[in-house]
Structure formats: C-alpha cells, structure tokens
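Worksheet: one structure, shown below.
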Amino acid sequence: MNPLRWAFRILPFAALPLGVLGARAQVPAPQDVIGFTLGSDYQLANYDQVLAYLRALASASDRVVLEEIGKSTLGKPMVLAFISTPENLRKRERYREINRRLALAKDLSQDEAQALAAEGVATVWIDGGLHATEVAHSQHTPELAYWLATDESAEARRMRENTLVLLMPNINPDGANIVVDWYRKNLGTPFETAPVPELYHPYVGHDNNRDWFMFTQAETQVAATVFYHEWFPQIIYNHHQTGPFPGRIWVPPPADPLNANYDPLIIASFSHLGQYMLARFMKEGKPGVSTGIGYRVVWSAGFMHATPQLHNMLGLFTETALYTYATPHCYSEEEVGDIFTRGIRLSTREPSMHYIVPWEGGCWHIRDAMDYMMTGSRAVLDLAAKLKEDYLYNIYHMGQRQIRRGEQAEGGPFAYVIDVQKQHDRSSAVELLRIFRQAGIEVRRAERSFEADGRRYETGTYVIPPQAFRPFVIDMLERKEHPDRFEYPGGPPEPPYDLTGYNLADQLGVVVDRAFEPFEMPGPAVEEVAAPSGEVSGGGAFGYFYSHEPNWSALATNRLLKAGSSVSWTKEPVTVNGVQWPAGTFLVRGADDDRLADISHELGIDFVGVGSDPGVATSSLRAPQVGIYQSYISNMAEGWTRWVLDQYEFDLEPIHNDDIRSGDLDRFDAILFPDQSADGILNGHAALTMPEDYVGGVSVDGAAALKRYVEDGGWLVGFHESVEFLKSTFGLPVRNTVANVDPRRFFIPGSLIRFKSNTSDPLAYGMQEEGAALFWRHGVAMEILSAASEDASATGEQRLEQNVNVFAHFPDDSLLLDGWEIGAKRYLAGKPAAIQAPVGNGSVVLIGFRPDTRGQPRNTFKLLFNPLFASTIRELVP
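Residue numbers are given in numbering that gives the first Met the number 0: position 179 of the sequence shown equals residue 178, and the series is strictly consecutive.
Here's what the structure looks like:
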C-alpha cells in the first residue's frame, strides 16, 4: 500500500474548524431557513430556497450585502452576495474604482498602481449552479456564505479583511428549479436518477458554458456586466462537476494546446493557483485529486473561465466528482478501474505527478462533493488574501503590457477599423461591435474623417484601439491555426475540448480592416453602439423596397406581416430610379408610415419608396407558422435554434413525438428538425430508462405522418445530423460521404469552413457569395446520387421526379478559414452544402452544418430564415 494513503480520508464539513459558536448563533444557518441540512442524501434545495436563505443571512449579518444584479431568462432575480468585513463593505465603491483603474491600466503610473494595490482588497468571484444537473456547487454556495459570514478562525478573518467575495449562489436559477423539480418528482421511483427530459437552461442547457464570448443569454450578460463593466474581479472561480473518473476532483493546470493570445502571466497564475489548491487537498487528507490531464481548455474562449483570462483576470474552474443528483453511490474496486476515463492513459492505481494519492473507491455522497468544493473555495480565498497586492498589481501589469503590444503592433495590428455603412449586413457589424462593448472593450466612433494605413474613412466609422483587454480583441478577430495533435504517432487526432476556429469577423460576415501604423484616434469612446441610421425615403405610393441583406430584415418582415402589411420577394433584379435591386428584395405594401419609421429607426433599415408599379414579378409571403421538433432527449441544438428564431420573432411552436405521430401537422408551413442523430429522433429514450411519457421517438408512424405532411405541401428543414433521418425517411438520393470515415482521413472538430451560396436562389437570397460555415463535430458532406448510381440502387434510394436543387456548396480549394481540418479538400471540395429536394407538393431542405450553432454564425442565419419564409410560397417547390 502507498505509505501516504493512511492519512488520506474524507473529512466531513462538520469536522472543519467552526470558530466561535457565539458568532454563528447571531445569524441563521442554512438549515434554519431551508428546512434541512444541505448535503443530505436525497435532498436538494431549489433556487427559491437558496435565495430565501441568503436574504435572511444578509438581514442578520453586517458582513453580507445582497444585491439583485439582473433577471434570468425566465425572470428569476439573479443576486450577488458581497461578503467581507463591515468596513470593507462600506468602502465597496472605492474598491470598485480601484479595480477598474488597475484593470484598464490607463493613465496610471507603476507607483500609483502599487499604491492602489496596497490600498485595495482582492476581489474574488465564486459561483455555483452554471450546469444545473451538477447539483453540488449550488448547494455548497449557501454553506460557503455562512462560513465566511460567521467563522472566527484566523483564516476566515484574514479572508474577510483582505478580500471582497462576490458570491453568485446560482448563475442558472431557472435550470436549478427545473432539475430539482424533476429529481423530487422521481425520488423513490425506478427513475430517480433518470436524465432531465428538457434542457436545464431554458434555451441552451450545458452550452451556457460556451456562451462567454457571444453573450447571447441573459445570465451570461448579467455576469459579464459585473466582470467587465462594474467590478473587474482579479479572480473568477467557476465550480463544475465531474472530472475524469475515478478522480474526486480535477484542479488546474489543464492540458495543451495553449492559445498564445493569453498573457503568459495569466497562464502561469492559473497553474500556480491550481497547485496551491492541490497542496491544500493534500494537507486536508483528501485523495483522488487529478491535475494537468484531460481538459484542453486553454484554446477556445467560449468557457466561463476562459474569456476573463483574455481580460487578464484569473479565471479558473474545478471539476468535482458527481454521481447523480443527491443520490449516493458506492463504487467497487472493479468499478474504479485501472485507467482513467476520457481516453486518459494514466493509471488510477499508482501514484503519479498528475494523481498523487489515488482514490480507492467506496461510497460517494453529495456531502463529499460539497466538502471538496469547500476546500477548493477556501484555498482560492486563502491565497487571494495572502497575495492580494500581487493579484491587484498583476492585472495592471498585464494590462500595461497589452497596451504597449498594441501600440507597437506586436502580434497583431495597432487598431481595427469597422465601417458599418460599407458592410454587406450592417446589422451584423453592429452586433459585432455590441459584443465587444459587452466584453468591456473600448470602441471609438469617429467624429471626423481620418486615414489609417493609407485608407480613408468617414465620420461614423468605428475604431478598436490598443487597450488592456487586447487579448480578447485579437482572439475574436484573428484567425487561428490549431496545431496538429494525435493520440500517438500514426494514431487518430486528439479531439480538442471545444471549437478550434471561431473568429467573429468570419462568423458574422463583417469586413474588419487592420491598421498597423499608429494614428490619432478620431473620436471618443462610446458606451453603446447604435444601429445605423435608417430612413424612410421617397414616395411610396406603390410600396417600399428594403434589402434582404441584413439579418434584421427578417425581424422587420415578421413584424410587418403580423401587423397586416403585404410583404413579398422580388423574383428577379429590378432597377428603380437608377438603383438596382437584386432578386429577393423585400417589397412592403399597405404599411403604416409610423410603423415603418419606428422599424427603420430601431433596426437601421432603409425603406425606399416605389411610386408606381416597377413591373417586377413577386412572390407574396405570409408569416410562417413553424414547428420545431423537441425531443425528450434534451437537445441543446434545438434550444439554440429556438433561441435564434425567438430573437427574430418567428411564430414557433415546439412539437413532440405524440404531436408528430398524430399527423395533425397541417397548421405548420414548415417543421424544423435541429441537429440530432437519426436514432435519437426515431427511437428516443429506450423503454424502462425513463417514465413512460418520455420513452420513444417519432417512430415509423411519425415518419409516415411526416411523409404525408410534405406530400401535401409542407416543408421540412434539417441540419447536420438530422440530415440522415430526413434523407432516409424520404429515400432521398443523397449520401453522406464522410459517414464512418476514419478520423485520420477526415476530421473537422469545430472549425470555420468556406462555402459558396447561389445568391439568385430564393433559399440563399441576401447571402454573401462566400461565407463561413461553422463545422461542428465533423459536419456532413452530401453527394447527390444519379439514377444509375450503384450506391443509389444498393441502398434503395430512388431518383426524385425533379432535380435536387443545390443552393450552397463547398469550393474546390482553400476551404479552411479558421481552426483545424484533416481531409477537407478530399471529402468536401465541390460537394453540396445545402440542398432542396421536392417531395410531392412540398420540399425537404437539408443543410450539412448547423447554420445557427450557439447563436454565433450570423453570416449563415439567412439559410435558416429563407426556407421558413419560402414555405409560405407554394410555387417555390422545384
């Protein structure tokens, strides 16, 4: 036996130093308000109970101030508990100003920065609940608040005196209630640990930890405002479950590859704090701590810990072991196994540098997970208290370094210049600038014309200058080339943890100019980025034209249609008053002038009057009635599609298996099948794994109902993996050429791939000729089979009565825009990216990638919107 192991056992929270009991008696403990002891088997507090406790704690203790900082997606109050000494809490505004000045690092000498670091206290954010099915961290935050507010040990006093804790008890309140309600409903039944059949965030489920550079969700926006506009914390600690089994907790540092855009001091500090946490676990006798393995999370910026690091803030996370909900589980020696999960080639039996004291198995309770989390939180606060001046000064030091790098155009340009008026889609350019403002990036608006690198720009152009948060700007605007990494020589590629290519210029289709020579800033910084100035011009006796190019035109169209206006597409190019309008231009008639003016002002859309009939053929639109398939295998892709369509105000109705099997589908113009496997759609959850209401998929009966629906004139639209279900259901002459291909030959793990659109096709109206497809988890490479194809006859696929319409395809070369690919040219070059296939009186539209992945690729949104509008125009079946 390892001689170190004798001392390593799990210490219950109750065995930790409690301090002076009299101080604790002055304020309620969590169980006094919640009604049971947190960490009890089979017991979970929901968000409302935790919120009630924190309100009681703040009322009773002058060491706690509770503030509401925003609302969740479903309108729950999101609160932040400030915990420190009463004196520090009274000086909160001063500390906030110190944090801001040090983080922005402008107009501040080293001596002044050192003086501010000495005066300030370390600001540390700690949160729980981001992933609602990882239940322990949202149960640990009330206990942490109680301990910090009441404990009188020297350690607790030092933390209160030298840190200001920003405790977010639950950063996903809606998800917390969804999960707790489901667990309570099934407690004591065979389905006690069954998965939640809906997303545990109302829109995006687990992907709320992938939203940290786009800021699409309400909860992300609330936190980002705290991070980058108000408090600028030096440390942000994001709790998670679960790490590589059988480890009990994973702590930093993570594994390679490293994104070189991070300031090196951040990466070193990340590792340093992780090792300090490791030492505390060893001191407390807690085995099973893994480090430096499994998590390749210093490449993609989408995580909650990662985006702060691109702002020189020490973002970190841990992954504590979880069984399921609050149900305990006992592990035999055989279950522990010899090798870690997640493809990690490391012994679980023998001590190593990555796993000093192995966990030998036994029973694991939610209480154990919470104890490990308490150790992690206290380790972070302990080091922050001891090194508070270092953390405060270091954020200034990194900011200064990044400003100098920008001024010297080192590792990127001096400045980025964005002329909104000259963009294909002005709305996407505005959204890009708003993303940067949400991220706390300094954005300036020119008040005069100016030159940069020999190019002339007019008033109203935006400039992103050198600044402390430059790493974020570089990461969002520059293309990255992910290194080739393989599990072993000649072996398969090593899967990255998330996206490898994601720059926003390509994803949003925005032209961003780079200026390498310094120039004087032509205007002041702006707080908000307004939509470009739209106008209603000309006499509109016949109607008004407006462009199909902005995504916001879809929003305008939905509002106009719902208001009773007549809206149509032009079928061909037309010239009116010397201005040429392409096919697909919107024509609105019968619209109220005030309504047009309001839409124009809000969305920056120009409505150009048409005085008389221009003599162009048009297709009349209706407000499309859209159904979206919502599986009981909770599907994040469905949530993201639903979110995108809600933002653009489409009439959207989730439909489930029974709805489809019933065949009552005639009310829908189009039905969407978001990215989901064919097996998941057809078969769903297996019997006896879930309550009966949630078992099964659409089944063969549902597939038959979908056939009848399309033959009668309905439209089906599917993305990525759902392509397989739709092509098989309808016997379409389409083959996925990369299905089951060895990843050593074809591998695109979340990268931007160039594609081309047929912009004269109604399903690609308004698109740029070239765009960036976010290929996620390899994507689909479609091939159209001819009538004589052996592949077609062998698989039973039949030639359709009419030709398949290809409205987007991949070019022959230069496919990779950003990220990593293997075999793209061999398997994608020249292949269709999006097709329309007629079936009876309706159509099936297949897109080989997700045009709405995580709400990011705004340049492909119209590939989603156009088929929905087109489904109301019956003559568009090929």
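Note that beta-carbon positions come from the ideal geometry of N, C-alpha and C, so glycine has one too.
Original post:
Among residues of its own chain, excluding the 5 on either side of Gly-713, which ones have a beta-carbon nearer than 6 Å to its beta-carbon?
Top reply: As a working note, residue 713 is residue 714 in the sequence shown. Within its own chain, the residues whose Cβ lies closer than 6 Å to the Cβ of Gly-713, once the five positions on either side in sequence are excluded, are Gly-841, listed in chain order.
Subject >> Proximity to Gln-48 [Cα-Cα], best of Thr-36, Asp-40 and Ala-59 >> reply: Residue mapping note: residue 48 aligns to position 49 of the sequence shown, counting from 1. When each option's Cα is compared against that of Gln-48, the closest is Thr-36.
Original post:
Taking the beta strand (DSSP E) that Ile-125 falls in, what are its first and last residues?
Top reply: Position 126 of the sequence shown, counted from the first residue, corresponds to residue 125. Unbroken beta strand (DSSP E) run through Ile-125: 121-126.
Subject >> Contacts around Ser-633, its chain only, beta-carbon distance under 8 Å, and the 5 residues preceding and following it disregarded >> reply: Sequence index remark: in the sequence shown, residue 633 carries index 634 (1-based). Listed in chain order, the non-local C-beta contacts of Ser-633 below 8 Å within the same chain comprise Pro-194, Val-195, Pro-196, Glu-197, Leu-198, Tyr-199 and Gly-204, local neighbours out to five positions each way being set aside.
Subject >> CA-to-CA distance, Thr-584 to Gly-563, given in whole angstroms >> reply: Indexing the sequence shown from 1 puts residue 563 at position 564. Indexing the sequence shown from 1 puts residue 584 at position 585. Answer to the nearest angstrom: the Cα atoms are 19 Å apart.
**OP:** Flag this pair as yes or no: are the beta carbons of Leu-507 and Asn-87 separated by less than 8 Å?
**Re:** Residue numbering aside, residue 507 sits at position 508 when the sequence shown is read from its first letter. Residue numbering aside, residue 87 sits at position 88 when the sequence shown is read from its first letter. The Cβ-Cβ distance between Leu-507 and Asn-87 does not fall below 8 Å.
Subject >> Opposing strand residues paired with His-239 [DSSP bridges] >> reply: Looking up residue 239 in the sequence shown gives position 240. Its beta-bridge partners are Glu-318.
Original post:
Can you tell which of Tyr-236, Leu-272, Val-419 and Glu-191 has its C-alpha closest to the C-alpha of Tyr-322?
Top reply: What you label residue 322 is simply residue 323 of the sequence shown in a count that begins at 1. Checked all of Tyr-236, Leu-272, Val-419 and Glu-191; the closest Cα to Tyr-322 is Glu-191.
Original post:
What is the rounded straight-line gap between the Cα of Arg-594 and the Cα of Gly-577?
Top reply: Stepping through the sequence shown from its first residue, residue 594 is reached at position 595. Stepping through the sequence shown from its first residue, residue 577 is reached at position 578. Approximately 27 Å between the Cα atoms of the pair.
Subject >> Span of the beta strand (DSSP E), counted from its first residue to its last, around Pro-831 >> reply: The residue you call residue 831 lines up with position 832 of the sequence shown. Its beta strand (DSSP E) spans residues 831-838.
Subject >> Extent of the continuous alpha helix (DSSP H) run through Trp-181 >> reply: In the sequence shown, residue 181 corresponds to position 182, counting from 1. Start and end: 172-185.
**OP:** Classify Met-352 as buried or exposed, calling it buried when 16 or more other Cβ atoms lie within 10 Å of its own Cβ.
**Re:** Against the sequence shown, residue 352 aligns to sequence position 353. Classification of Met-352: exposed, given that the 10 Å Cβ count is below 16.
**OP:** Could you tell me if Phe-860 is buried or exposed, where buried requires 16 or more neighbouring beta carbons within 10 angstroms of its beta carbon?
**Re:** Taking the first residue of the sequence shown as 1, we reach residue 860 at position 861. Taking a 10 Å sphere around the C-beta of Phe-860, we find 16 or more other C-beta atoms and assign the residue as buried.
Subject >> Buried or exposed (CB count within 10 angstroms, at least 16 for buried), Ser-299 >> reply: What you label residue 299 is simply residue 300 of the sequence shown in a count that begins at 1. When all chains shown are included, Ser-299 counts as buried.
Subject >> Nearest-angstrom Cβ-Cβ length linking Pro-168 and Pro-201, presumed shorter than 8 Å >> reply: Looking up residue 168 in the sequence shown gives position 169. Looking up residue 201 in the sequence shown gives position 202. With 8 Å as the limit, Pro-168 and Pro-201 do not qualify as a contact, their Cβ atoms being about 19 Å apart.
Subject >> Expected contact under 8 Å - CB spacing of Phe-754 and Phe-809 to nearest Å >> reply: On the sequence shown, residue 754 is found 755 positions in, with the first residue counted as 1. On the sequence shown, residue 809 is found 810 positions in, with the first residue counted as 1. With 8 Å as the limit, Phe-754 and Phe-809 qualify as a contact, their Cβ atoms being about 5 Å apart.
Original post:
Beta-carbon separation of Pro-549 and Asp-424 under 8 Å?
Top reply: Within the sequence shown, the letter at position 550 stands for residue 549. Within the sequence shown, the letter at position 425 stands for residue 424. Yes. Within cutoff.
**OP:** Quick one: using the 10 Å Cβ neighbour count with 16 as the cut-off for buried, is Asn-258 buried or exposed?
**Re:** As a first step, residue 258 is located in the sequence shown; it is residue number 259 there, counting from the start. By the neighbour-count criterion, in which a residue is buried when 16 or more other Cβ atoms sit within 10 angstroms of its Cβ, Asn-258 is buried.
**OP:** Assign Pro-245 to buried or exposed, taking buried as 16 or more other Cβ atoms, counted over all protein chains shown, within 10 Å of its Cβ.
**Re:** Locating residue 245 in the sequence shown gives position 246, where the first residue counts as 1. Counting other Cβ atoms within 10 Å of its Cβ, Pro-245 reaches 16 or more and is therefore classed as buried.
Original post:
From what residue to what residue does the alpha helix (DSSP H) around Asn-161 run?
Top reply: Position 162 of the sequence shown, counted from the start, is the residue given in the question as residue 161. Looking at the DSSP string, the run of the alpha helix (DSSP H) that includes Asn-161 is 153-161.
Original post:
Could you give the C-beta distance for Tyr-261 and Leu-309, rounded to a whole number, given that I count them as a contact under 8 Å?
Top reply: The residue given as residue 261 occupies position 262 in the sequence shown. The residue given as residue 309 occupies position 310 in the sequence shown. That pair is a contact at about 7 Å.
Original post:
If you compare alpha carbons, which of Asn-171, Asp-381 and Arg-400 is closest to Gly-74?
Top reply: Within the sequence shown, numbered from 1, the residue matching residue 74 stands at position 75. Of all alpha-carbon atoms in Asn-171, Asp-381 and Arg-400, the one lying nearest the alpha-carbon of Gly-74 is that of Asn-171.
Original post:
Given Gln-437, which residues of its chain have a CB within under 7 Å of its CB, disregarding the five upstream and five downstream residues?
Top reply: Numbered from 1 along the sequence shown, position 438 holds the residue referred to as residue 437. Result list for Gln-437: Phe-214, Gln-220 and Ala-223, in chain order.
**OP:** Measure the C-alpha to C-alpha separation of Ala-44 and Tyr-182 and round it to an integer number of angstroms.
**Re:** Locating residue 44 in the sequence shown gives position 45, where the first residue counts as 1. Locating residue 182 in the sequence shown gives position 183, where the first residue counts as 1. The alpha-carbon atoms of Ala-44 and Tyr-182 are separated by roughly 11 Å.
Original post:
Is Val-733 near His-777, with beta carbons less than 8 Å apart?
Top reply: Counting from 1 along the sequence shown, the entry for residue 733 is found at position 734. Counting from 1 along the sequence shown, the entry for residue 777 is found at position 778. No, the Cβ-Cβ distance between Val-733 and His-777 is not below 8 Å.
**OP:** For Lys-421, name the three-state secondary structure that DSSP assigns.
**Re:** Within the sequence shown, numbered from 1, the residue matching residue 421 stands at position 422. Here Lys-421 carries a helix assignment [DSSP, helix/strand/coil].
Original post:
How would you call Thr-458, buried or exposed, if buried means at least 16 neighbouring beta carbons within 10 angstroms?
Top reply: Position 459 of the sequence shown, counted from the first residue, corresponds to residue 458. Exposed, because fewer than 16 other Cβ atoms sit within 10 Å of the Cβ of Thr-458.
Original post:
Among Asp-817, Gly-398, Tyr-294 and Leu-751, which one has its Cα closest to the Cα of Gly-342?
Top reply: Residue numbering aside, residue 342 sits at position 343 when the sequence shown is read from its first letter. Closest option to Gly-342, judged by alpha-carbon separation, among Asp-817, Gly-398, Tyr-294 and Leu-751: Tyr-294.
**OP:** Could you name the residues of the same chain whose beta carbon sits closer than 6 Å to that of Ile-394, not counting the 5 residues immediately before and after it, in chain order?
**Re:** Position 395 of the sequence shown, counting from 1, holds the residue named residue 394. Correct list, in chain order: Leu-101, Ala-102, Gln-233 and Asn-311.
Subject >> Tyr-628, enclosing alpha helix (DSSP H) - first and last residue >> reply: If you number the sequence shown from 1, residue 628 lands on position 629. Unbroken run through Tyr-628 is the beta strand (DSSP E), 624-628; no alpha helix (DSSP H).
Subject >> Residue environment, Trp-338, which counts as buried when at least 16 other CB atoms sit within 10 Å >> reply: Working through the sequence shown from its first residue, we reach residue 338 at position 339. Correcting the residue identity first, residue 338 is Ile in this sequence and not Trp. Its Cβ having fewer than 16 others within 10 Å, Ile-338 is exposed.
Original post:
When you compare only the Cα positions, how much space is there between Arg-621 and Thr-871?
Top reply: Residue numbering aside, residue 621 sits at position 622 when the sequence shown is read from its first letter. Residue numbering aside, residue 871 sits at position 872 when the sequence shown is read from its first letter. Pairing Arg-621 with Thr-871, the inter-Cα distance amounts to about 6 Å.
Subject >> Whether Met-303 touches His-139 by CB criterion (8 Å) >> reply: Start at 1 with the first residue of the sequence shown, and residue 303 comes out as number 304. Start at 1 with the first residue of the sequence shown, and residue 139 comes out as number 140. Between Met-303 and His-139, the C-beta spacing is not below 8 Å.
Original post:
Counting along the chain, where does the alpha helix (DSSP H) carrying Met-781 start and finish?
Top reply: Here residue 781 is taken as the residue at index 782 of the sequence shown, counted from 1. Premise fails: Met-781 lies in the beta strand (DSSP E), 781-783, not in any alpha helix (DSSP H).
Original post:
Quick one, are the C-beta atoms of Val-120 and Leu-65 less than 8 Å apart?
Top reply: Walking along the sequence shown from the start, residue 120 turns up at place 121. Walking along the sequence shown from the start, residue 65 turns up at place 66. Inclusion of Val-120 and Leu-65 in the CB contact set at 8 Å is not warranted, their separation being larger than that value.
Subject >> Closer than 7 Å: Tyr-395 CB and nearest the ligand SAH heavy atom >> reply: The ligand SAH is not part of this structure, which contains no ligands at all.
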